[in-house]
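Chemist:
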Amino acid sequence: MEAVSLSMLVGAVSAALVSGAKDVTENAVKDTYSAIKSKIGELFGAESKPSQAMQLYEDNTDVEAYKTVMEAEFQRHNVLTNDSLQKLTAQLIDALQQTEQGSAQFSKYVNQGETTIGLQGDSVTVYGDVVGKKM
146 MEAVSLSMLV GAVSAALVSG AKDVTENAVK DTYSAIKSKI GELFGAESKP SQAMQLYEDN
206 TDVEAYKTVM EAEFQRHNVL TNDSLQKLTA QLIDALQQTE QGSAQFSKYV NQGETTIGLQ
266 GDSVTVYGDV VGKKM
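Numbering-wise (this note's numbering), the sequence shown opens with residue 146 and increments by one.
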């Protein structure tokens, strides 16, 4: 199994929530999302920062800051050092990619990082990369 990155975990959670995991849309997505949420609660405690951050983001998916806080808490607590969470994240990604909406949302959330593009202007050539970050 390929290792799952933090951005993949956060992207999968985000995609699952946006594509309706908290509603009953796609059972595989909903069930795997719930398993990840339960596992984080089991490992770190239901009142832990990772659990609270995940719940806040679930309640406020339209607020980007909550996703950032969730990602920071996941990183601070090294949630992906747990093999079970690695496997559950891989299963959630697979489940998301089985649905059109889930696949589109996962791609959207995972591809939000840096983008490298080339640039050439009139009479001027820029050598190297122009890197942009979404703010």
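Using N, Cα and C, we set each Cβ at its ideal position, and we do this for glycine too.
#1: For the candidate residues A157, G186 and L151, whose alpha-carbon lies nearest to that of Q242?
#2: Which word fits G208, buried or exposed, when buried means at least 16 other C-beta atoms lie within 10 angstroms of its C-beta?
#3: Which runs of the alpha helix (DSSP H) fall wholly inside the stretch 218-250 and span at least 4 residues, in chain order?
#4: Within the same chain, show all residues whose beta-carbon is closer than 7 angstroms to that of Y225, passing over the 5 residues directly before and after it, in chain order.
#5: Closer than 7 angstroms, CB to CB, is Y211 near chain D or not?
#6: Would DSSP call G156 helix, strand or coil?
#7: So the candidates are N227, L233 and G190; which of them puts its Cα closest to the Cα of Y178?
#8: Specify the secondary structure class of E192 as computed by DSSP and reduced to three states.
#9: Should V275 go down as buried or exposed, given a rule of 16 or more other Cβ atoms within 10 Å for buried?
#10: I'd like to check one pair, Q250 with V163: are the Cβ atoms closer than 7 angstroms?
Modeler: Quick look at the numbers:
#1: Residue numbering aside, residue 242 sits at position 97 when the sequence shown is read from its first letter. Ranked by Cα distance from Q242, the options A157, G186 and L151 are led by A157.
#2: Here residue 208 is taken as the residue at index 63 of the sequence shown, counted from 1. One detail in the question is off: residue 208 reads as Val in this sequence, not Gly. Classification of V208: exposed, given that the 10 Å Cβ count is below 16.
#3: Within the stretch 218-250, the alpha helix (DSSP H) runs of at least 4 residues that lie entirely inside it are, in chain order, 228-242.
#4: Your numbering for residue 225 matches position 80 in the sequence shown. Inspection of the sequence shows that residue 225 is occupied by Leu rather than by Tyr. Cβ neighbours of L225 beyond the five flanking positions: V149, L151, L154 and Q231.
#5: In the displayed structure, chain D is absent; only one protein chain is listed.
#6: As a first step, residue 156 must be located in the sequence shown, where it is residue number 11. Helix.
#7: Position 33 of the sequence shown holds residue 178. Taking only the C-alpha atoms, the option nearest Y178 is L233.
#8: Start at 1 with the first residue of the sequence shown, and residue 192 comes out as number 47. Coil, per DSSP.
#9: Along the sequence shown, read from residue 1 onward, the residue named residue 275 stands at position 130. Only weak support exists for where V275 lies, its pLDDT of 49 falling under 50; the value from the coordinates is given anyway. V275 sits exposed, since fewer than 16 C-beta atoms from the chains shown fall within 10 Å of its C-beta.
#10: As a first step, residue 163 is located in the sequence shown; it is residue number 18 there, counting from the start. As a first step, residue 250 is located in the sequence shown; it is residue number 105 there, counting from the start. It is a contact, given that the beta carbons lie within the stated cut-off.
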